[in-house]
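Chains as they are written, first to last, in the numbering used here: chain A, 1 to 120; chain B, 1001 to 1120; chain C, 2001 to 2132.
Right under this line is the structure:
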């Protein structure tokens, strides 16, 4: 819990695919720095951002994401967008929270759980 | 007034993406002029807007350095991420003198310590 | 937060809803930014938050989608926002640059200077940028 009552210090919303631009991976790097400084982080992946959680990728972004999960980052992904992309829930990384009501969960995270939020 | 400080995370800085670049700078200056503290963090291609010697007159666009100069004169804080400079082969001497170079990890406390952030 | 008896009937201590401002900087169809922005706004309103939407840069183009279409149309979402009484403001400078006027944009979208966005920034609990 943060000092002003939030569950998570820093939340990130990613709407871009991992190799579409470097900005999403940049957020993963920021999250690493935050965790290394004792902060808690969360991610909400929607639109093309859901591609971050697909298994078997060979890129630096997936390694950063796996590392973040191990360090306790809470990663939530929109089921609607997984379905749109044809990504089965059995084909995503372990430790991901799947949101069946993405906009409800997104708003709840932003307004009530995350102290600060960044979007890309 | 609930919020007093704004962080603008500017990821575009080229004339090929001038709508985003100029739009970010304009908003930074307006917000500053209307009484909020504004920190402009140039990251990824955003660092390119701080390059000295820009002359876009032959491509019919206004010089973004003019907006940066206004930003500094209005009291804004201009920060440029070193890792993004290095990736793009830009040395510190090639960017405007008023820019302060920071490490990417320094962005985390900046986000925490500003009331709000916008991403361009 | 505990309040004393003196505050019980004071309307100023009535809990005000939290405020979400959404800044949209991309036009329709080029990405899902507009759809996400508008659906987030609608859901937040439904959940009891106060919501402002500010259309900036190419985001102003969304206000131009006045016609009906038989496919996904951000203009429809924008019209829903208006019906739900969510305040939607379109940047004046950006609208002028794109020849968008009150005559050719969705009714209910207000064209205003960026000082409106600054007012939103000053008072919002959270701000989201979509389309960056």
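C-beta atoms are modelled at their ideal positions from N, C-alpha and C, and glycine is treated no differently.
Because the structure is a prediction, the values reported are computed rather than measured.
Your pair residue 2022 of chain C and residue 2053 of chain C checks out as a contact, with CB atoms roughly 5 Å apart and the cut at 8 Å. Legend: CB atoms of the segment 2108-2119 of chain C lying less than 9 Å from CB atoms of chain A are not found in any residue. Here DSSP, grouped into helix, strand and coil, assigns residue 1070 of chain B to helix. Annotation note: the segment 1005-1056 of chain B contains the following uninterrupted beta strand (DSSP E) runs of length 3 or greater, listed N- to C-terminal: 1005-1010 and 1037-1042. Residues of the segment 91-112 of chain A whose Cβ lies closer than 7 Å to any Cβ of chain C, in chain order: 103, 104, 106, 107, 110 and 111. The C-alpha of residue 1024 of chain B lies about 33 Å from the C-alpha of residue 54 of chain A. A distance below 6 Å between beta-carbons, with the five flanking residues on each side excluded, links residue 2125 of chain C to the following residues of its chain, in chain order: 2018 and 2019. Residue 1079 of chain B sits away from residue 1014 of chain B, with the two beta carbons spaced by 8 Å or more. Contact with chain C is absent for residue 50 of chain A, since none of that chain's Cβ atoms lies less than 8 Å from the residue's Cβ. The bridge partners DSSP lists for residue 76 of chain A are A/44 and A/97. The segment 2106-2115 of chain C and the segment 100-117 of chain A do not touch, with fewer than three beta-carbon pairs separated by less than 8 Å. Beta-bridge pairing by DSSP links residue 2052 of chain C to C/2021 and C/2087.
In its chain, beyond the 5 residues on either side, 9, 10 and 41 have a beta carbon closer than 7 Å to the beta carbon of residue 34 of chain A.
Boundaries of the beta strand (DSSP E) around residue 11 of chain A: 8-14. Counting only Cβ-Cβ distances below 8 Å, residue 2124 of chain C has contacts in chain B at 1002, 1003 and 1116, in chain order.
Residue 68 of chain A places its beta carbon 8 Å or farther from that of residue 19 of chain A.
Ranked by Cα distance from residue 2075 of chain C, the options C/2038, C/2048 and C/2100 are led by C/2038. Per DSSP, residue 2093 of chain C lies in no beta strand (DSSP E) segment; the continuous alpha helix (DSSP H) that holds it begins and ends at 2092-2097. Between residue 77 of chain A and residue 13 of chain A, the C-beta spacing is not below 8 Å. Cβ-Cβ distances below 6 Å link residue 1070 of chain B to 1029 in the same chain, with the five nearest sequence neighbours on each side left out; the list follows chain order. In the structure shown, the three-state DSSP call for residue 2047 of chain C is coil. Using beta-carbon distances, residue 77 of chain A does not count as an interface residue toward chain C, since no partner is under 8 Å. Residue-level contact check: residue 1031 of chain B touches chain C, since one or more beta carbons of chain C fall below 8 Å from its beta carbon. In the DSSP assignment, the residues bridged to residue 2130 of chain C are C/2024. Taking a 10 Å sphere around the C-beta of residue 115 of chain A, we find 16 or more other C-beta atoms and assign the residue as buried.
When C-beta atoms of the segment 2089-2099 of chain C are compared with those of the segment 2050-2066 of chain C, three or more pairs fall below 8 Å, so the two segments count as touching. Ranked by Cα distance from residue 6 of chain A, the options B/1112, B/1046 and B/1087 are led by B/1112. Taking a cut-off of 8 Å on C-beta distances, the segment 1101-1110 of chain B touches the segment 1081-1090 of chain B, as three or more cross pairs fall below it.
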